[in-house]
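Protein sequences, first through last, are from chains A and B.
Be aware that the first sequence starts at 43, since it is given in our numbering, and climbs by one per residue.
Be aware that the second sequence starts at 2, since it is given in our numbering, and climbs by one per residue.
Worksheet: the structure to be examined is printed underneath.
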Amino acid sequence: MTVKLMQGNEAIAWGALAAGCMFYAGYPITPSTEIAEMLSRELPKIGGKFIQMEDEIASLAACIGASVGGLKAMTATSGPGFSLMQEHIGYAAMTEVPCVVVDVQRLGPSTGQATSPAQGDVMQARWGTHGDHPIIALSPTSVRQSFDLTVTAFNFSERYRTPVILLLDEVVAHMREKADLPEPGSVERVERVATSVPPEWYKPYGDSRSDVPPMANFGTGYRYHITGMFHDLAGYPTQRLDEIDPWVERVHRKIERNIHDIVMVEEDGIGSARTVVVAYGGTARSAKHAVKLARQRRCKAGLVTLLTIWPFPEDVIARIARTAKRIIVPEMNLGQLALEVERIAGRHKVVRVNRANGHMVTPQMILDAIEGK
Amino acid sequence: MSKEEHSAYSYLRQTKKFPNVWCSGCGIGIVMGALIRAVDRLELEKDEVAVVSGIGCAGRMPVYLDFNTMHTTHGRALAFATGLKLAQPKLKVIVVMGDGDALAIGGNHFLHAARRNIDLTAIVVNNFIYGMTGGQYSPTTPLNSRAATAPYGNIEQPLPTCDLAVAAGASYVARSTVYHSIELDRYIEQAIRKNGFSLVEAVSYCHTTFGRINKLGSAVDMMRRLKDDSVTRSVAEKLTPEERASKIVRGVLCDVDKPEYTALYQQVIERAKQATYSQPRTGGGNQ
Numbered sequence: 043m044t045v046k047l048m049q050g051n052e053a054i055a056w057g058a059l060a061a062g063c064m065f066y067a068g069y070p071i072t073p074s075t076e077i078a079e080m081l082s083r084e085l086p087k088i089g090g091k092f093i094q095m096e097d098e099i100a101s102l103a104a105c106i107g108a109s110v111g112g113l114k115a116m117t118a119t120s121g122p123g124f125s126l127m128q129e130h131i132g133y134a135a136m137t138e139v140p141c142v143v144v145d146v147q148r149l150g151p152s153t154g155q156a157t158s159p160a161q162g163d164v165m166q167a168r169w170g171t172h173g174d175h176p177i178i179a180l181s182p183t184s185v186r187q188s189f190d191l192t193v194t195a196f197n198f199s200e201r202y203r204t205p206v207i208l209l210l211d212e213v214v215a216h217m218r219e220k221a222d223l224p225e226p227g228s229v230e231r232v233e234r235v236a237t238s239v240p241p242e243w244y245k246p247y248g249d250s251r252s253d254v255p256p257m258a259n260f261g262t263g264y265r266y267h268i269t270g271m272f273h274d275l276a277g278y279p280t281q282r283l284d285e286i287d288p289w290v291e292r293v294h295r296k297i298e299r300n301i302h303d304i305v306m307v308e309e310d311g312i313g314s315a316r317t318v319v320v321a322y323g324g325t326a327r328s329a330k331h332a333v334k335l336a337r338q339r340r341c342k343a344g345l346v347t348l349l350t351i352w353p354f355p356e357d358v359i360a361r362i363a364r365t366a367k368r369i370i371v372p373e374m375n376l377g378q379l380a381l382e383v384e385r386i387a388g389r390h391k392v393v394r395v396n397r398a399n400g401h402m403v404t405p406q407m408i409l410d411a412i413e414g415k
Numbered sequence: 002m003s004k005e006e007h008s009a010y011s012y013l014r015q016t017k018k019f020p021n022v023w024c025s026g027c028g029i030g031i032v033m034g035a036l037i038r039a040v041d042r043l044e045l046e047k048d049e050v051a052v053v054s055g056i057g058c059a060g061r062m063p064v065y066l067d068f069n070t071m072h073t074t075h076g077r078a079l080a081f082a083t084g085l086k087l088a089q090p091k092l093k094v095i096v097v098m099g100d101g102d103a104l105a106i107g108g109n110h111f112l113h114a115a116r117r118n119i120d121l122t123a124i125v126v127n128n129f130i131y132g133m134t135g136g137q138y139s140p141t142t143p144l145n146s147r148a149a150t151a152p153y154g155n156i157e158q159p160l161p162t163c164d165l166a167v168a169a170g171a172s173y174v175a176r177s178t179v180y181h182s183i184e185l186d187r188y189i190e191q192a193i194r195k196n197g198f199s200l201v202e203a204v205s206y207c208h209t210t211f212g213r214i215n216k217l218g219s220a221v222d223m224m225r226r227l228k229d230d231s232v233t234r235s236v237a238e239k240l241t242p243e244e245r246a247s248k249i250v251r252g253v254l255c256d257v258d259k260p261e262y263t264a265l266y267q268q269v270i271e272r273a274k275q276a277t278y279s280q281p282r283t284g285g286g287n288q
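Next comes the structure, spelled out in structure tokens:
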């Protein structure tokens, strides 16, 4: 593919197609709608399916249904719709059905400001649905990264049988920049592990040495039960502690044991830095510029860009906290991921730079914090 | 096929621990039997049938059935089924819901599944109450009936399930009761056969909650009432509107042929494959 000027939202649609997405269900909402519009045009060209559902609840439900039917599925939304999708993020986690949910964050709460950026859904991505569950959330900082992380989101989703959330902000989603996308065929695609046993032996939630049991698609001769209730290895509802406890342990273990595969960060000048900025999404772009300006002023500043937000990169932050005197966490919210950084690094080391009014955190705001102003 | 293999038992999951969750005397088991007999009569392979349900007493039905089965969230079964059907158009997807499930929390999905005319077979087991949670009033609870949350009588008008599906654009709509199980078999069979959105309202009862709160007697008494209080469509047409209002009207209320969603989508695919690249208009509203 040639170099093109495009939006983050467009790159997400191309990334989904490159990853093998064959199903999209969604509901119009600013600032994510371009993804739906593009996929309504592109999916049928390759025999894929697009459907505009009656709301966001139904959109994620349809994605899960399609995924059970064997298609890689995605939906995209923004804060208000993401709130509605929480019910089925929990269902997908409980039933271990792969799906990708794109949330282009806008200013909230409630209708807030539809066209203004924010990073207010960080905690919603982690804890928005009820009950304990693992989750993966990725956050790109550029158009090219929107493409790459969409592919990664699909791959994680299939490899670990889990919902994966792609957390953008309106800055990255609507920003147009030059993007050199790889040829679709050159992109690594992960497919869900298929079962190798005959139908009469198949257990949808067991019979696997890995923590991720093989998944049979409906309509392929493997008849089994899927439920949002706690279930045994065969998928039937259970109230037995000796069946519930192992399930809870396994679904958390399947993420925790693979944390080195899942956690992705970019580090710049950490070793000698007395001050390290920890940023993600659109804010990481401001942070990058601020760190550059600080270095020009002979200030030893480093930058960590978190591409994986959940599971939280605890080990990375712990390592940085051992050498850095101060950690600056700029966010387009009143301090959400800063809570995690503080939990690992200690509150005394963390300086928050926050803005929750629909405008970006500027490089100057971060530079001021680096210089201790 | 031997008689034994042909019986309802061959469609039940041998590995699933019975007994079922339903109260003894409940009508839902009769609907399950009707569903099995319909599938059997259509000679469908188990592998080509999917049963999707929501939450509530009726939502527990799929776990006992040896098909591709999915017990989803409250009210959303039709949305899950829509995705599954689009992914696997060859599957016969049957969606089992209760009245609260399909018409209150799932009312929007119900309207839109019918409007799309996607080839799903919806079965609404209408017992006029939220049974599993202990007898709260539902969208079909009759006026002035009592419920756990309507101790002074229900003041909300009941929703006409079948009329709603007809108005929204379903291809096939029929109503029967769990007393008329042979008729119910036939309607479910016709509904599955229909290429388009079909609805069968299976009128049942809940003696445990609705019956107890409203002093309607035992399961047998309530079953008898379904027999006494229901009339066929042709009989209903001869009644005055006042007489008809107190009756359950049984029969096929709608049976039309019109383009089905997954078939139409296949046409979209053909059109898209021939289309040249064109940039869609983007932007506009901001809500």
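Cβ coordinates follow ideal geometry from the N, Cα and C atoms, glycine included.
Note that the structure is predicted; figures quoted are calculated from it, not measured.
So, at 7 Å on beta carbons, what are the nonlocal neighbours of ALA169 (chain B) in its own chain, with the 5 sequence-adjacent residues on each side left out?
LEU112, ALA115 and ARG116
In three-state DSSP terms, what is ASN109 (chain B)?
helix
So, using beta-carbon positions, are LEU180 (chain A) and THR157 (chain A) closer together than 8 Å?
no
How about VAL179 (chain B) and SER205 (chain B): do their beta carbons lie closer than 8 Å?
yes
Run through DSSP, which three-state label would SER231 (chain B) get?
strand
Going along chain A in order, which residues have a C-beta closer than 7 Å to the C-beta of LYS17 (chain B)?
TYR278
Continuous alpha helix (DSSP H) stretch holding TRP442 (chain A): start and end:
Past the boundaries of the shown model lies residue 442 (chain A); chain A is included only from 43 to 415, so the question cannot be answered.
Under 7 Å from the C-beta of VAL269 (chain B): neighbouring residues of chain A
PRO86
Between ASN287 (chain B) and chain A, is there a C-beta pair that is closer than 8 Å?
Because the pLDDT at ASN287 (chain B) is just 46, under 50, the model does not fix this residue reliably, and the value given afterwards should be weighed accordingly. So yes, ASN287 (chain B) belongs to the interface.
Can you tell me whether GLN275 (chain B) is buried or exposed, with buried defined as 16 or more other CB within 10 angstroms of its CB?
exposed
Does the beta-carbon of GLY286 (chain B) have 16 or more other beta-carbons within 10 angstroms, so that it is buried, or is it exposed?
Legend: pLDDT at GLY286 (chain B) = 47, less than 50; position of this residue unreliable, value from coordinates given subsequently. By the neighbour-count rule (16 or more Cβ atoms within 10 Å), GLY286 (chain B) is not buried but exposed.
Quick one: residues in its chain with C-beta nearer than 7 Å to the C-beta of THR192 (chain A), no 5 flanking neighbours on either side, listed in chain order?
ILE54, GLY57, ALA58, ALA61 and LEU208
Output the boundary residues of the alpha helix (DSSP H) element that contains LYS330 (chain A).
325–338
For a contact meaning CB atoms closer than 9 Å, what does THR74 (chain B) contact in chain A?
ILE99, ALA103, GLU129, HIS130, GLY132, TYR133 and GLY270
Selected residue, minimal CA-CA separation from ILE249 (chain B), among B:SER54, B:ALA39, B:PHE129 and B:GLU44
B:PHE129
So VAL164 (chain A) and ILE286 (chain A) are in contact, right, with Cβ under 8 Å, and what is the actual spacing, rounded?
Not quite, the Cβ-Cβ distance comes to about 29 Å (not below 8 Å), so this is no contact.
Specify the secondary structure class of THR317 (chain A) as computed by DSSP and reduced to three states.
strand
In the DSSP assignment, what are the bridge partners of GLY344 (chain A)?
A:VAL318
For LEU45 (chain B) and GLN89 (chain B), the rounded distance between their alpha carbons:
16 Å
Does the segment 230–245 of chain A come close enough to the segment 74–83 of chain A that 3 or more CB-CB pairs lie under 8 Å?
no
Touching or not, the segment 108–124 of chain A and the segment 255–262 of chain A, by the rule of three or more beta carbon pairs under 8 Å?
yes
Would the segment 74–90 of chain B and the segment 86–106 of chain A be scored as touching if the rule is three or more Cβ pairs under 8 Å?
yes
Between ALA29 (chain A) and ALA315 (chain A), which are expected to be in contact by the criterion C-beta below 8 Å, what is the C-beta distance as a whole number of angstroms?
Given that chain A is displayed from residue 43 to residue 415, the structure contains no residue 29 (chain A) and the question cannot be resolved.
If we ignore side chains and look at the alpha-carbon of each, how far apart do LEU13 (chain B) and ALA39 (chain B) end up?
14 Å
For GLY252 (chain B), name the three-state secondary structure that DSSP assigns.
strand
Less than 8 Å between CB atoms is the rule here; does GLY107 (chain A) satisfy it with respect to chain B?
yes
Outcome for PRO355 (chain A) when other beta-carbon atoms lying within 10 angstroms are tallied against a minimum of 16
buried
Quick check on PRO405 (chain A): does DSSP put it in helix, strand or coil?
helix
Any C-beta of chain B sitting closer than 8 Å to the C-beta of VAL110 (chain A)?
yes
Could you compute how far the alpha carbon of THR237 (chain A) sits from the alpha carbon of GLU244 (chain B)?
59 Å
Quick check: what's the CA-CA separation for ILE77 (chain A) versus ALA167 (chain A)?
20 Å
Would a check of beta-carbon distances place LEU223 (chain A) closer than 8 Å to chain B?
no
Considering only their Cβ atoms, is the gap separating MET71 (chain B) from ALA51 (chain B) smaller than 8 Å?
yes
Exposure label - GLN281 (chain A); buried when at least 16 CB within 10 Å
exposed
Please list the partners that LYS91 (chain A) has in chain B, where partner means a Cβ-to-Cβ separation under 8 Å.
LEU87, ALA88 and TYR266
Quick check on TRP243 (chain A): buried or exposed, where buried means 16 or more other Cβ atoms within 10 Å of its Cβ?
exposed
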